Amino acid sequence: MRRSATILLSLLACPAMASTQEANFTGPLITPNASTLPAGMVLVEPYVMYTETHANYDAQGDRHTDRPGTHQWLLLVPVTLGIAPRFNIQLTGGAAYNVSGRYHSDGAHLADTTLTFQYMFFAPAADGSGTAVSASYAHVFPSGKYDRLDNNPLNATGSGASVDRLALFAQRLFWLDNGHPLRVRAQLAWSPAPARVNLDGMSAHGTSQVFQGWVKPGSSMGATAAIEYGLDQHWALAADLAWSHQRSGTLQGADCWPDSYEMVAQRKPVSWTYSIAPAVEYNVSGNLGFIAGAQVSLGGHRSAAYVTPQVAVNMVF
């Protein structure tokens, strides 16, 4: 979750005069906000992302070109509601459209949907100082297409897995000697291995048109850290560093033809990726902000190399 934060800090200018300095932040692209919304407040932050994948990292971490690669347009709309002091609920839905060379998906399809519950254990002071610490539980519902893809693998927009995710994150605001605000965030997340997913035909997991069987994904974890630097009351610079790790999984079943079948048994290897996501923020006010940037993979192991430009608008009601 990312939220535009307005913090007022009174700075003593002289014995008879005080000035107020304001720090507006939309939030970085990846690392969530550890501070929760006040009760009754609503945040809506639609994202438009474009991902290009033209290479892969092998088991030694070497990068190899993969043409034509894939392109994906993704719209994500997180909606966050302050339910009670220190407690938020967030619902994130979206849709995706995939392209590879001359081929494309049959229109945009619904992506997986995530429901997140967040509780803030330690809150910052009223002036924004101090550290905010939160924990969250999220469940990913398999609302995206993942099998029976009508002989078009580009129709896949989900994994089919019902995933639980636990996360712990923190945030702190600093005022530097030059009068500019600096905000730092960090997050650690873990997902246990979900239940097996039954697959029928062509799927997001690389199965054929005649496949019948199941896939059992492994557990996963990730860590992110972010920094934001306020240039003035409107403009800010942001950057995230991210690392994600996926444990090995299992695919089993058979390719079933009318007069024969062939058993399929695969062990999905461990994979990981680390990336950076620089961005620029423009905050109209504490209730409206814009952010634009890109997440770029820097290295990995048995994973895709990618670049994801993205823009978002942050609206608080």
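Under mature numbering (1 follows the signal peptide of the UniProt record, and there is no 0), read the sequence shown as residues -18 to -1, 1 to 299, first letter to last.
Glycine residues also receive a C-beta, built at the ideal position from the N, C-alpha and C atoms.
Note that the structure is a prediction, hence the values are computed from the model and not measured.
Task: Contacts around Val262, its chain only, beta-carbon distance under 8 Å, and the 5 residues preceding and following it disregarded - done: Within its own chain, the residues whose Cβ lies closer than 8 Å to the Cβ of Val262, once the five positions on either side in sequence are excluded, are Trp217, Ala218, Leu219, Ala220, Ile273, Ala274, Gly275, listed in chain order.
Open item on the list: Let me check one thing: in DSSP terms, what residues is Tyr211 bridge-paired to?
Closed with: According to DSSP, residue pairing for Tyr211 in a beta bridge involves Leu164, Leu219.
TODO: Measure the beta-carbon distance from Ala78 to His86 and round it to whole angstroms, keeping in mind my assumption that it falls under 8 Å.
DONE: Not confirmed; about 11 Å, so no contact.
TODO: With DSSP as the reference, label Pro135 as helix, strand or coil.
DONE: Of the three classes helix, strand and coil, the one that applies to Pro135 here is helix, per DSSP.
TODO: For the beta strand (DSSP E) holding Thr13, just list the boundary residues, first then last.
DONE: Judged by DSSP secondary structure, Thr13 falls outside any beta strand (DSSP E); it is assigned neither H nor E.
Task: Beta carbon of Gly75 nearer than 7 Å to that of Leu19 - done: In this structure, Leu19 does not lie closer than 7 Å to Gly75 by Cβ.
Open item on the list: Does the contact criterion of 3 or more C-beta pairs under 8 Å hold for the segment 185 to 196 versus the segment 159 to 169?
Closed with: No, because fewer than three Cβ pairs between the segment 185 to 196 and the segment 159 to 169 fall closer than 8 Å, the two stretches do not touch.
Open item on the list: Between which residues of its own chain and His53 is the CB-CB distance below 6 Å, once the five residues before and five after are set aside?
Closed with: Cβ neighbours of His53 beyond the five flanking positions: Glu34, Val81.
TODO: Since I believe Ser125 is in contact with Gly140 (beta carbons under 8 Å), could you give me their beta-carbon distance rounded to a whole number of angstroms?
DONE: Gly140 to Ser125, Cβ: 7 Å. Contact.
Task: Buried or exposed by the 16-neighbour rule on C-beta atoms within 10 Å, applied to Pro174 - done: Around the beta carbon of Pro174, fewer than 16 other beta carbons lie within 10 angstroms, which makes this residue exposed.
- [ ] From the DSSP output, in three-state form, read off Asp159 for me.
- [x] Look at Asp159 here: in three-state DSSP terms it is coil, with no helix or strand label.
Task: Contact check, Ala152 vs Thr113, beta carbons under 7 Å - done: Yes, these two residues count as a Cβ contact at 7 Å.
Open item on the list: Taking 7 Å as the threshold (C-beta atoms), are Lys127 and Ala120 in contact?
Closed with: Contact: no.
TODO: With DSSP as the reference, label Trp172 as helix, strand or coil.
DONE: The three-state reading of DSSP puts Trp172 in strand, counting E and B together.
TODO: Please name the residue, chosen from Gly89, Gly281, Met297, Ala107, that lies closest to Tyr264 on a Cα-to-Cα basis.
DONE: The candidate whose alpha carbon is nearest that of Tyr264 is Met297.
Open item on the list: Taking only three categories from DSSP, how would you classify Asp146?
Closed with: Strand at Asp146.
Task: Residue range of the unbroken beta strand (DSSP E) whose run includes Lys250 - done: First-last of the beta strand (DSSP E) with Lys250: 243 to 250.
Open item on the list: I'd like to know whether the C-beta atoms of Ala200 and Gly231 end up nearer to each other than 7 Å.
Closed with: According to the sequence provided, residue 200 is Gly. The question's Ala does not apply to it. It is a contact, given that the beta carbons lie within the stated cut-off.
- [ ] Assign Glu27 to one of three DSSP states: helix, strand, or coil.
- [x] Three-state DSSP puts Glu27 in coil, outside helix and strand.
Open item on the list: At the level of alpha carbons, what is the spacing between Phe69 and Tyr101?
Closed with: In this model, Phe69 and Tyr101 are separated by some 5 Å (Cα to Cα).
Open item on the list: Taking 7 Å as the threshold (C-beta atoms), are Tyr39 and Gly282 in contact?
Closed with: Taking C-beta atoms as the reference points, Gly282 and Tyr39 count as a pair closer than 7 Å.
TODO: Would you list the one or two residues that DSSP bridges to His46?
DONE: Bridge partners of His46: Asn38.
Task: Reduced DSSP secondary structure (H/G/I, E/B, other) of Lys198 - done: Judged by DSSP in its simplified three-state form, Lys198 adopts strand.
Open item on the list: Just to confirm, is the Cβ distance from Ala37 to Ala287 under 7 Å?
Closed with: The answer is yes: Cβ separation under 7 Å.
Task: Contact belief for Ile258 with Val289 at Cβ below 8 Å, rounded distance in angstroms - done: Not really, about 11 Å apart at Cβ, beyond 8 Å.
- [ ] Whole angstroms is fine: what's the gap from Phe299's alpha carbon to Val59's?
- [x] Distance between the alpha carbons of Phe299 and Val59 is about 15 Å.
Task: residue 302 - containing beta strand (DSSP E), residue span - done: Residue 302 falls outside the range modelled here, since the chain spans only -18 to 299, and no answer is possible.
TODO: List the DSSP bridge partners of His187.
DONE: Paired residue(s): none; His187 is not in a bridge.
Task: Reduced DSSP secondary structure (H/G/I, E/B, other) of Phe299 - done: Phe299 falls in the coil class under three-state DSSP.
TODO: Find the nearest neighbour of Ala224 within the set Ala117, Ser116, Ile209, judged by alpha-carbon distance.
DONE: Comparing Cα-Cα distances from Ala224 to each of Ala117, Ser116, Ile209, the minimum goes to Ile209.
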